[in-house]
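Trainee:
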Amino acid sequence: MRLRALLDTDALGLKLLGGEEELDRTVRGVMTTDLRDPSRYLSGGELVLTGLAWRHDAEDSEPFVRILVQQGVTALAAGEAELGDVPDDLVTACARHRLPLFAVHESVAFATITEHVVRQVSGERAGDLAAVVDRHRRMMTSGPAGGGPDVVLDLLGSDLDLRAWVLAPTGRLIAGSKAAGPALPAETCGRLAAEHLTATRSGRRAPHRVLLDGTTYSLFPIRSTGRSPQTARDARETLLSDWLLAVEADAGDWAEERLDLLHGVTQLIAVERDRRDAARTVRRRLAQEVLELVQTGAAPAEIAARLRVAAPVLLPGLGSAPHWQVIVARVDWDGDEIESGPVAQALLEEILVDPLAAGPEHSDRIAVAHTGDEAIALVPLPAVAAEHDDSETGVLADVLLESVRDPLTAGLDGDGHLTLGVSAAVHSAEGLRGALEEARHARRVAAARPGRVCAAGHQELASHVLLLPFVPDDVRRAFTARLLDPLRDYDRRHRAELIPTLEAFLDCDGSWTRCAGRLHLHVNTLRYRVGRIEQLTGRDLSRLEDKLDFFLALRMS
């Protein structure tokens, strides 16, 4: 479609500020951004929509416009909701680079313009491509009865013979076409998500082409048409929350028309994503209300009343009030002040979904709020199940991240950390404040561990494990070196296995008979080895203090 047609559509609320002689330019797509440098997401021919959050002063306009022109953007439309009138410096910069500039009235949502452009651009394409896009649009705008992303992917398969899947950034399968055959294996989904996150972090322009086990996939980002594109000032703010479209094909061989079609499909699926996020609003609000009551020290009766409201929403048909667990998550980026609370919230909602449950609507029993950079989940456990050992029925820290660790590590690699803490189950409002503090303490234990993605549970807060992560690295190294380096050196020279002997001796609580039996040694041989350990270190393994020092040194090494 041409720019002139957009200007003639009154419902779009566009006012031309410059570039009248360029109105015959062709629009091939639309993209919403407030990044200072959105070049990695541009392929040329787009109408760029911006809320101007990237602009801090007049000097910012010139480099922003220059980037758009270098990427072949057709025109720029700036919203008036944030700053009122479009700044003169932006008007001047666009005129200098012959980039048409529109103002978008504050009453018009960017989503309205996006949907109009996608519909019109798709409708003007010839033959089967126009028919497919129109069918996609009708299916996606018909509400839940239309079938959501699955129907769109089915049409890709039936009309264009493309096998395609929608994946979460954790690698969970959201949707897949019937033509795609059996569900994509979980391992493949995880690897595709990891490849997508790695490519996005490196700044490679989509689609990202990946070869896995002899099959080529093309990966397209699905970016929200709601909050993230308009307000994110750093790509990392949305990196871990955006879905992706994986197509079993090499998009490098495609014509521009087919690439445009797939980009349009991602925008239509993004509408479904926004619809699903809107459905989470009630659960998020419930979690936020409970969290505020707990943090402000409200009376248990008041908190209990809010929990009674939350229970039937999260567990419909439940006869009695459930038990609850609290999970705290945080995403930290090295050296940068990036708003990560909403990302941690969306990510925690995704992590808490059963990894084997396909589909977009399996998190309806999870309420997640965020405060600052911290996301807090209120997870209900049916009272009958919670009466049993919660270590078996509740959320377990050590298995929570198993299926998502590799993709998220790829997304965080270089400068990001995800840490989670899990509380024990509580059965009343009185216990909720303690559960929140317990989860926060557990998250801090996880934060002290190496690795990009870590979790810790409440079980670890009642042992030495709670203390060890907070020992400074230099103290840790000095302590373990003083006790264990003489034994390691001796083992290297004589193959005496003093370190394994020490570990077994402590595991057997200092029992000579049990330790000798475990190591298949004569007791006299064991006594000789223990004597050598004592001689090399100057310690006495009959003393509790020395046993404890060796125990901690082995745990910290």
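The sequence shown: position 429 = 421 (the working numbering), numbered continuously. Even for Gly, the Cβ is constructed at its ideal location relative to N, Cα and C. The structure presented is a predicted model; accordingly, all values stated were derived computationally and were not measured.
1) Could you tell me whether the region 319 to 327 touches the region 421 to 441, using the rule of 3 or more Cβ pairs below 8 Å?
2) Can you tell me which of the three DSSP states residue 105 falls into?
3) For residue 87 and residue 68, I'd like the C-alpha separation in whole angstroms.
4) What residue does the alpha helix (DSSP H) around residue 392 start on, and which one ends it?
5) Counting along the chain, where does the beta strand (DSSP E) carrying residue 235 start and finish?
6) Less than 7 Å between the CB of residue 326 and some heavy atom of the ligand ATP, yes or no?
7) Select from 410, 323 and 38 the residue whose C-alpha is nearest the C-alpha of residue 65.
8) For residue 422, I'd like the list of residues in its chain whose CB is within less than 7 Å of its CB, leaving aside the five on either flank, ordered along the chain.
9) Kindly provide the ranges of any alpha helix (DSSP H) runs that are 4 or more residues long and lie completely inside the region 389 to 447, ordered along the chain.
10) Determine the direct distance from the alpha carbon of residue 12 to that of residue 273, and round the result to whole angstroms.
11) If you compare alpha carbons, which of 231, 177 and 52 is closest to residue 194?
12) Looking at the unbroken alpha helix (DSSP H) that takes in residue 492, where does it start and where does it end?
13) So residue 235 and residue 214 are supposed to be a Cβ contact under 8 Å. How far apart are they, rounded?
14) Quick one: what does DSSP say residue 72 is sitting in, helix, strand or coil?
15) Any idea what DSSP makes of residue 317, helix, strand or coil?
16) Does the distance from the C-beta atom of residue 95 to that of residue 72 stay below 8 Å?
17) List, from N- to C-terminal side, the alpha helix (DSSP H) runs of 4 residues or more that fit wholly inside the region 145 to 183.
18) Output the distance between the C-alpha atoms of residue 108 and residue 388, rounded to the nearest integer angstrom.
19) Alpha carbon to alpha carbon, how far is residue 233 from residue 224? Give it in angstroms, no decimals.
20) What is the DSSP secondary structure of residue 341, reduced to helix, strand or coil?
21) Cα-Cα, which of 184, 541 and 501 is closest to residue 205?
22) If we count the other Cβ atoms within 10 Å of its Cβ and call it buried at 16 or more, is residue 207 buried or exposed?
23) Only counting the same chain, and skipping five residues up and downstream in sequence, which positions put a Cβ closer than 8 Å to that of residue 498?
24) Whole angstroms is fine: what's the gap from residue 189's alpha carbon to residue 261's?
25) Would you mind working out which of 99, 197, 7 and 162 sits nearest residue 29, comparing C-alpha positions?
26) Please list, in chain order, all residues of the same chain as residue 283 whose beta carbon is under 7 Å from its beta carbon, the five residues on each side excluded.
27) Please report the Cβ distance between residue 50 and residue 79, rounded to the nearest whole angstrom; I am assuming they are in contact, meaning their Cβ atoms lie under 8 Å.
28) Hey, how far is the Cα of residue 429 from the Cα of residue 447?
29) Hey, residue 241 and residue 176 are a contact pair by Cβ (cut 8 Å); roughly how many whole angstroms apart?
30) Do you know how far the Cα of residue 339 is from the Cα of residue 333?
31) Across which residues does DSSP place residue 214 in a beta bridge pair?
32) Between the Cα of residue 478 and the Cα atoms of 494, 519 and 466, which residue gives the shortest distance?
33) Cα separation between residue 490 and residue 521?
34) For residue -4, which of helix, strand or coil comes out of DSSP?
35) Just to confirm, is the Cβ distance from residue 252 to residue -6 under 8 Å?
36) Which residues does DSSP list as the beta-bridge partners of residue 550?
Mentor: Put simply:
1) yes
2) Residue state, collapsed to three classes: helix.
3) 11 Å
4) Segment 389 to 392, the alpha helix (DSSP H) holding residue 392.
5) 235 to 239
6) Judged by which ligands are present, the structure shown has none, so any question about the ligand ATP falls away.
7) 38
8) 292
9) 389 to 392, 397 to 404 and 424 to 439
10) 43 Å
11) Of the candidates 231, 177 and 52, the residue whose Cα lies closest to the Cα of residue 194 is 231.
12) From DSSP, the alpha helix (DSSP H) with residue 492 extends over 490 to 499.
13) 4 Å
14) coil
15) strand
16) Contact flag set, yes.
17) none
18) For residue 108 and residue 388, the gap between their C-alpha atoms comes out near 46 Å.
19) Any reading at residue 224 needs caution, since the residue's pLDDT is 49, under 50, leaving its predicted position unreliable; the model's value is listed next. Approximately 12 Å, taken between the alpha carbons.
20) helix
21) 184
22) exposed
23) Contacts found: 539, 542, 543 and 546.
24) 19 Å
25) The shortest C-alpha separation from residue 29 is found at 197.
26) 361, 363 and 368
27) 7 Å
28) 15 Å
29) Wrong, their Cβ atoms sit about 14 Å apart, outside the cutoff.
30) 10 Å
31) 235
32) The shortest Cα separation from residue 478 among 494, 519 and 466 belongs to 494.
33) It is roughly 7 Å from the alpha-carbon of residue 490 to the alpha-carbon of residue 521.
34) helix
35) no
36) With the chain covering -7 to 549 only, the question about residue 550 has no answer from this structure.
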